[in-house]
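Visitor: This is the structure, below, for whatever I ask next.
Numbering (my numbering), first residue to last: 6 to 295.
Laid out in structure tokens, this is it:
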């Protein structure tokens with residue numbers, strides 16, 4: 006349909022604009038703290054031990070997230086609100102019990118997603134392109150830890166705001182609230198969920214974590230499609246980020262992004278059954294209401 010092609014063009018332009026702005030202004034966080042000379046040499050920056058490095062990276066991350074995700078999403082959502090042409094998934098009858106069951110699915114699926122990612126890395130680590138991807142993953146993990154392990158309470162509050170709240174809200178606005186919403190027009194929910202999940206995985210630019218990101222994207226997209234409520238996928242994403250943040254702080258430096266974790270098969274099976282039970286509970290409750 007012509008209006009769908011037009012809106013696809015506006016969406017692509019918004020994403021391109023966000024990408025350009027992010028490439029221009031993300032480095033301002035480093036410059037603000039006096040690390041302008043390290044913009045093109047992040048490995049050298051990570052060798053410096055002062056807390057200012059973590060703060061500079063955190064500010065850069067906040068700028069990147071706002072420009073890359075929030076700005077394009079808000080622009081498109083405002084446009085759709087005025088045009089009223091791109092509908093949201095229909096809202097089904099939804100109760101607090103459904104919400105509790107929904108919020109259990111992603112946390113209970115984490116052991117399986119981690120297991121699949123570990124198996125993927127083990128199977129593909131000798132491939133040529135994976136060597137560079139793993140090195141990039143390790144550098145990214147170092148950057149995250151420099152942003153999380155900072156000395157005072159104000160730093161911790163800033164880290165939580167960026168990694169728990171801003172990341173979850175911005176990514177759900179763009180990948181579910183905009184991209185998946187667009188894909189629901191004239192397509193089945195399954196294709197819309199899968200398309201949104203693929204965009205979610207690609208948007209993180211982390212090929213090492215592809216199984217985890219794709220699986221999490223499918224779960225979050227399913228919650229949005231089933232309920233018709235974007236706040237539900239936001240809350241589920243926020244809960245996951247909070248759990249990851251807490252686990253990283255408790256585990257200490259060196260644990261974030263660890264690709265050599267043991268494979269707890271029994272624990273993984275039990276948690277996966279719990280996730281499946283929660284999903285079946287939602288399906289059963291929906292069937293009884295129809």
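Quick reminder that beta carbons are idealized off the backbone N, C-alpha and C, glycines included.
Quick caveat: nothing in here was measured; it's all calculated off a predicted structure.
1. Between the C-alpha atoms of residue 95 and residue 232, what's the straight-line distance to the nearest angstrom?
2. Give the straight-line distance between the Cα atoms of residue 236 and residue 191, rounded to the nearest whole angstrom.
3. How should residue 59 be labelled, buried or exposed, when 16 other C-beta atoms within 10 angstroms of its C-beta is the threshold for buried?
4. Go ahead and pull the three-state DSSP assignment for residue 95.
5. For a quick check, are the C-beta atoms of residue 22 and residue 77 less than 8 Å apart?
6. Short check: CB of residue 153 to CB of residue 141, under 8 Å?
7. So, helix, strand or coil for residue 1, using DSSP?
8. Along the chain, which unbroken stretches of the alpha helix (DSSP H) at least 4 residues long are found entirely within the segment 185-231?
9. Between the segment 11-19 and the segment 177-194, can you find at least three pairs of beta-carbon atoms closer than 8 Å?
10. Quick one: measure Cβ to Cβ for residue 178 and residue 75, integer angstroms, because I've assumed they're closer than 8 Å.
11. Where does residue 169 fall in DSSP's three states?
12. State the start and end residues of the unbroken alpha helix (DSSP H) segment that holds residue 143.
13. Let me know the secondary structure DSSP gives residue 160 once reduced to three states.
14. Using 8 Å as the Cβ pair cut-off and three pairs as the minimum, do the segment 205-220 and the segment 129-146 touch?
15. For residue 168, would you say it is in contact with chain B, using Cβ-to-Cβ distances shorter than 8 Å as the test?
16. Please state if the CB of residue 117 and the CB of residue 277 are separated by a distance shorter than 8 Å.
17. Just the Cα atoms here: how many angstroms apart are residue 64 and residue 282?
18. Hey, could you find the ends of the alpha helix (DSSP H) residue 36 is sitting in?
19. Note down the Cα distance separating residue 304 from residue 148, rounded to an integer number of angstroms.
20. Quick one, are the C-beta atoms of residue 70 and residue 225 less than 8 Å apart?
21. What did DSSP end up calling residue 103 once you bin it into helix, strand or coil?
22. Could you check the C-alpha separation between residue 203 and residue 222 for me, to the nearest Å?
23. Taking only the alpha-carbon atoms, compute the straight-line gap between residue 8 and residue 262 and give it to the nearest angstrom.
24. Under 7 Å Cβ to Cβ from residue 169, same chain only, skipping five residues before and after it: list those, please.
25. How many angstroms separate the CA atom of residue 55 from the CA atom of residue 286?
26. Please specify which runs of the alpha helix (DSSP H), each continuous and at least 4 residues long, are wholly inside the segment 230-258, giving them in chain order.
27. Using the Cα positions of residue 52 and residue 161, report the straight-line distance between them to the nearest angstrom.
28. CB residue 197 to CB residue 185, shorter than 8 Å?
29. Nearest to residue 66 by CA position, among 166, 138, 201 and 270, is which residue?
Guide: So, from the data block:
1. Taking the first residue of the chain shown as position 1, residue 95 is located at position 90. Taking the first residue of the chain shown as position 1, residue 232 is located at position 227. When only Cα atoms are considered, residue 95 and residue 232 end up about 8 Å apart.
2. The residue given as residue 236 occupies position 231 in the chain shown. The residue given as residue 191 occupies position 186 in the chain shown. Taking the Cα positions, residue 236 is about 23 Å away from residue 191.
3. Locating residue 59 in the chain shown gives position 54, counting from the first residue. Burial check for residue 59: the Cβ neighbour count within 10 Å reaches 16 or more, so the residue is buried.
4. The residue you call residue 95 lines up with position 90 of the chain shown. Taken through DSSP and simplified to helix, strand or coil, residue 95 comes out as coil.
5. Position 17 of the chain shown, counting from 1, holds the residue named residue 22. Position 72 of the chain shown, counting from 1, holds the residue named residue 77. With respect to residue 77, residue 22 sits close: the two C-beta atoms are nearer than 8 Å.
6. For the purposes of this step, residue 153 is identified with residue 148 of the chain shown, where counting begins at 1. For the purposes of this step, residue 141 is identified with residue 136 of the chain shown, where counting begins at 1. With respect to the 8 Å criterion, residue 153 and residue 141 are not classified as neighbours on the basis of their beta carbons.
7. Residue 1 is absent from the structure shown; the chain starts at 6 and stops at 295.
8. Counting whole runs of 4 or more residues, the segment 185-231 contains the alpha helix (DSSP H) stretches 194-208.
9. In short, these stretches touch, since the Cβ pair count reaches three.
10. On the chain shown, residue 178 is found 173 positions in, with the first residue counted as 1. On the chain shown, residue 75 is found 70 positions in, with the first residue counted as 1. At roughly 7 Å, the Cβ-Cβ gap stays under 8 Å, so residue 178 and residue 75 are in contact.
11. Working through the chain shown from its first residue, we reach residue 169 at position 164. Helix, per DSSP.
12. Residue mapping note: residue 143 aligns to position 138 of the chain shown, counting from 1. 133-153 is the extent of the alpha helix (DSSP H) around residue 143.
13. Here residue 160 corresponds to residue number 155 of the chain shown, with the count starting at 1. Looking at residue 160 - three-state DSSP - the assignment turns out to be helix.
14. Yes, the segment 205-220 is in contact with the segment 129-146.
15. No chain B is part of this structure, which consists of one protein chain only.
16. Position 272 of the chain shown, counted from the first residue, corresponds to residue 277. Position 112 of the chain shown, counted from the first residue, corresponds to residue 117. Taking 8 Å as the Cβ cut-off, residue 277 and residue 117 qualify as a contacting pair.
17. Here residue 64 refers to the residue found at position 59 of the chain shown. Here residue 282 refers to the residue found at position 277 of the chain shown. Counting only the Cα atoms, residue 282 lies some 41 Å from residue 64.
18. Start at 1 with the first residue of the chain shown, and residue 36 comes out as number 31. Looking at the DSSP string, the run of the alpha helix (DSSP H) that includes residue 36 is 33-37.
19. Outside the displayed range of the chain (6 to 295) lies residue 304, so it cannot be described from this structure.
20. As a working mapping, residue 70 is identified with position 65 in the chain shown. As a working mapping, residue 225 is identified with position 220 in the chain shown. Result no, Cβ atoms of residue 70 and residue 225 do not sit closer than 8 Å.
21. Sequence index remark: in the chain shown, residue 103 carries index 98 (1-based). Here residue 103 sits in helix by DSSP.
22. In the chain shown, residue 203 corresponds to position 198, counting from 1. In the chain shown, residue 222 corresponds to position 217, counting from 1. One C-alpha to the other measures close to 7 Å.
23. Counting from 1 along the chain shown, the entry for residue 8 is found at position 3. Counting from 1 along the chain shown, the entry for residue 262 is found at position 257. Between residue 8 and residue 262, the alpha-carbon positions lie close to 42 Å from each other.
24. As a working mapping, residue 169 is identified with position 164 in the chain shown. Around residue 169, the same chain offers 243, 246, 247 and 250 as residues with beta carbons nearer than 7 Å, after the five sequence neighbours per side are excluded.
25. Within the chain shown, the letter at position 50 stands for residue 55. Within the chain shown, the letter at position 281 stands for residue 286. Taken atom to atom, the span from the alpha-carbon of residue 55 to that of residue 286 is near 50 Å.
26. Every alpha helix (DSSP H) stretch that sits fully inside the segment 230-258 and reaches 4 residues is listed by chain position as 235-256.
27. Counting from 1 along the chain shown, the entry for residue 52 is found at position 47. Counting from 1 along the chain shown, the entry for residue 161 is found at position 156. When rounded, the distance between both Cα atoms is 21 Å.
28. Residue 197 sits at position 192 when you count from the first residue of the chain shown. Residue 185 sits at position 180 when you count from the first residue of the chain shown. Result yes, Cβ atoms of residue 197 and residue 185 sit closer than 8 Å.
29. Position 61 of the chain shown holds residue 66. If you compare the alpha carbons of 166, 138, 201 and 270 with that of residue 66, the shortest gap goes to 166.
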